[in-house]
Each structure stands twice: as C-alpha cells, then as structure tokens.
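Just so you know, the sequence shown maps onto residues 10 to 297 in the numbering used here. All residues carry an ideal CB built from backbone N, CA and C; glycine is no exception. Report on one structure; see the data block that follows.
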Amino acid sequence: MSITYKDAQGMEGMRVAGRLASEVLDYLTPFVKPGITTNEIDRLAHDYMTQVQGTIPATLGYQPSGYAAYPKSLCTSVNHQVCHGIPNDKALKKGDIVNIDVTVIKDGWHGDTSRMYLVGDVSIAAKRLCSITYDAMWQGIMRVKPGVRLGDIGFAIQTFTEKQGFSVVREFCGHGIGLKFHEEPQVLHYGRPGTLEELKPGMTFTIEPMINAGKRDIKDGPEKDGWSIVTRDHSLSAQWEHTVLVTETGYEVLTLSSGSPPIPAFVPALPGTSVRPAAVQSTADSAA
Ligand code: MF3
Ligand code: CO
Ligand code: CO
Numbered sequence: 010m011s012i013t014y015k016d017a018q019g020m021e022g023m024r025v026a027g028r029l030a031s032e033v034l035d036y037l038t039p040f041v042k043p044g045i046t047t048n049e050i051d052r053l054a055h056d057y058m059t060q061v062q063g064t065i066p067a068t069l070g071y072q073p074s075g076y077a078a079y080p081k082s083l084c085t086s087v088n089h090q091v092c093h094g095i096p097n098d099k100a101l102k103k104g105d106i107v108n109i110d111v112t113v114i115k116d117g118w119h120g121d122t123s124r125m126y127l128v129g130d131v132s133i134a135a136k137r138l139c140s141i142t143y144d145a146m147w148q149g150i151m152r153v154k155p156g157v158r159l160g161d162i163g164f165a166i167q168t169f170t171e172k173q174g175f176s177v178v179r180e181f182c183g184h185g186i187g188l189k190f191h192e193e194p195q196v197l198h199y200g201r202p203g204t205l206e207e208l209k210p211g212m213t214f215t216i217e218p219m220i221n222a223g224k225r226d227i228k229d230g231p232e233k234d235g236w237s238i239v240t241r242d243h244s245l246s247a248q249w250e251h252t253v254l255v256t257e258t259g260y261e262v263l264t265l266s267s268g269s270p271p272i273p274a275f276v277p278a279l280p281g282t283s284v285r286p287a288a289v290q291s292t293a294d295s296a297a
C-alpha cells in the first residue's frame with residue numbers, strides 16, 4: 010500500500026462523498042438532545058444514508074486486521090470516550106459532549122468527518138475543550154499545501170493544543186482516504202517541523218485530532234468490545250474531523266456542508282483569493 014494521488018475524476022468523487030458525509034451530521038443535529046440513545050442516532054443515520062442519500066455506511070462491518078467487525082453505521086464517543094465508541098441503548102443526558110463520526114461511501118469514494126455535539130447546557134470547561142479542539146483541527150488544515158510536510162501539520166496542532174493546557178492523543182491519527190477507508194499516509198497530530206511525508210497535489214487525507222482535557226494517556230473502555238477507547242485519567246476528550254484535498258496552491262476541505270460550523274477567524278484566505286475556504290453559512294447549533 011502506498012499514497013494514492015487523485016486525478017480530476019477522483020477529486021470529484023471525493024468532493025461528492027465528503028459533502029454527503031457532512032450532510033449526515035447536519036441531518037443528525039436537531040436529534041442530538043437529552044433522552045435520545047446513541048443507538049437511535051445510529052439508526053437515524055443509517056436510514057438517511059441508505060434510503061435518502063444512497064450511500065454506504067463505511068463503518069458497518071468494517072474490520073481492520075486484529076479487530077472485530079465494527080457493528081454500527083457511525084461512532085459515538087461520549088465525554089471521556091476518546092474515539093470509536095459503539096452506539097448503545099444508553100440515553101444522552103444534559104451536560105454530555107458527544108463526538109459523532111460518520112464515513113460514507115459513494116461510487117466507491119469515502120468521505121470521513123466528525124463533529125462535537127453539546128447535549129443541552131454543558132459546562133464551560135466542556136465547551137472550551139470542544140471549541141479549542143475545533144480550532145486545533147483548523148490549525149492543522151490551514152497549513153496544508155504542496156511542499157509542507159506532515160510533521161509541520163502535527164507540530165502546529167500540538168503546539169496550539171498544549172499552549173491551551175490540553176493534551177494530544179498519540180495512539181490514533183488521521184489517514185489517507187480514497188477508494189479505501191484508511192490509506193497511507195498516517196497523519197499524526199503531533200510532531201516536528203520539516204519531518205515526514207511531503208504534501209503533493211491530489212493527496213486526500215483526514216485531520217482528526219483527539220484532545221484530552223487532562224493527560225494524553227488512553228486505555229480500552231470498560232465495554233471490552235475491542236473498539237471503545239477512553240482517557241486513562243477519566244478527563245473529557247473531544248475530536249473533530251475533516252477530509253481535505255491538497256490542491257496546487259493550498260487545500261480544499263471536502264467535508265463541508267450548510268451545517269458545518271463557521272471557519273475560525275484566524276484561518277487566512279486561500280492563496281490567490283480574497284475569500285476564506287468555502288465560507289459556508291452556519292445554520293446548525295454549533296459546538297464550536
Ligand atoms: N471514522 C473513524 C476515522 O476517522 C474510523 C472508525 S472505524 C470504526 O478514521 F470501525 F470504528 F468505525
Ligand atoms: Co478518519
Ligand atoms: Co472518522
């Protein structure tokens with residue numbers, strides 16, 4: 010396996026899949042309220058993907074080597090769950106923060122994105138973690154352009170995050186994506202400038218930092234389902250994810266839709282333009 014570079018047709022396929030993945034998150038937004046179970050969210054998303062969009066939920070039955078087949082159509086990671094939480098029959102409650110991570114397949118192409126959702130009123134600390142994690146993701150995205158190295162991206166995310174007193178999870182990372190769900194390269198959310206793979210036009214990969222309010226250490230969740238990961242110190246954890254394309258001059262975020270939260274004010278305009286990347290209007294209740 011090696012890095013795949015998308016041609017014009019591949020880029021178009023990735024744009025369609027990316028937008029559809031983001032639209033699943035838009036669709037779910039009004040449902041994420043106290044009392045709903047994560048299984049109900051999974052069912053809503055599954056039906057929307059398969060019956061409305063005509064997409065395939067990439068996670069359903071997904072089985073990387075060494076893992077059990079993933080049983081659901083999305084991941085829901087609540088509070089101190091770091092990632093890969095499997096939906097269940099427990100209801101969300103006021104004050105929870107939940108990451109919903111959706112990957113769709115359309116015409117073979119994968120779109121992978123996640124957002125944080127605030128369930129009712131949440132603590133100021135939880136809100137700040139969600140917001141800083143969103144900004145950390147964008148600190149990485151805004152540096153994407155040909156010639157930059159993956160170590161530069163990881164370094165930007167790590168330094169920003171640690172300055173805020175939070176920590177970056179090391180064991181999970183972003184990834185190349187295309188006709189396969191997880192491709193090379195690995196996209197670490199920490200690192201040293203000038204190291205690792207050089208970005209080239211046509212690459213598509215995710216940036217999806219997992220940020221802990223406490224220490225960076227993680228462990229398997231108590232469910233022992235082979236997937237769920239939690240913070241070792243039980244502190245809150247947040248994550249946001251976009252799929253991006255490296256263009257000739259910079260980047261394009263593929264997983265934007267009308268419900269995407271606004272792009273942070275610190276993100277500069279793309280080279281050669283006066284506008285910031287796909288400046289979509291936010292209509293959703295945003296956790297960012
Ligand atoms: N969507 C996750 C990612 O961002 C992967 C989930 S794999 C699953 O890479 F099997 F847990 F769903
Ligand atoms: Co991903
Ligand atoms: Co994902």
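Problem set entry | The alpha helix (DSSP H) enclosing Q248, as first and last residue numbers | Run containing Q248: none in the alpha helix (DSSP H); it sits in the beta strand (DSSP E), 246-248.
Problem set entry | Rounded straight-line distance, which links the Cα of W118 to that of T13 | 12 Å
Exercise. H184: beta carbon under 7 Å from a heavy atom of ligand 2?
Worked result: yes
Exercise. Between the Cα of E193 and the Cα atoms of H184, Y199, G200, R201, which residue gives the shortest distance?
Worked result: H184
For this session: With DSSP collapsed to three states, give me the class of N48.
Result: helix
Exercise. Does DSSP classify R241 as helix, strand or coil?
Worked result: coil
Exercise. For T258, does the three-state DSSP call read helix, strand or coil?
Worked result: coil
Problem set entry | Boundaries of the alpha helix (DSSP H) in which E171 is found, first to last residue | 159-172
Exercise. When the Cα of A247 is compared with those of P280, C139, T256, A145, which residue comes out closest?
Worked result: C139
Exercise. Regarding H93 and ligand 1, is the C-beta to nearest heavy atom distance less than 7 Å?
Worked result: yes
Problem set entry | Distance between beta carbons of P218 and V255, contact taken as under 8 Å | That belief does not hold up - the Cβ atoms of V255 and P218 are roughly 18 Å apart, past 8 Å.
Exercise. If V41 and V128 are in contact, beta carbons under 8 Å, what's the gap, nearest whole angstrom?
Worked result: 6 Å
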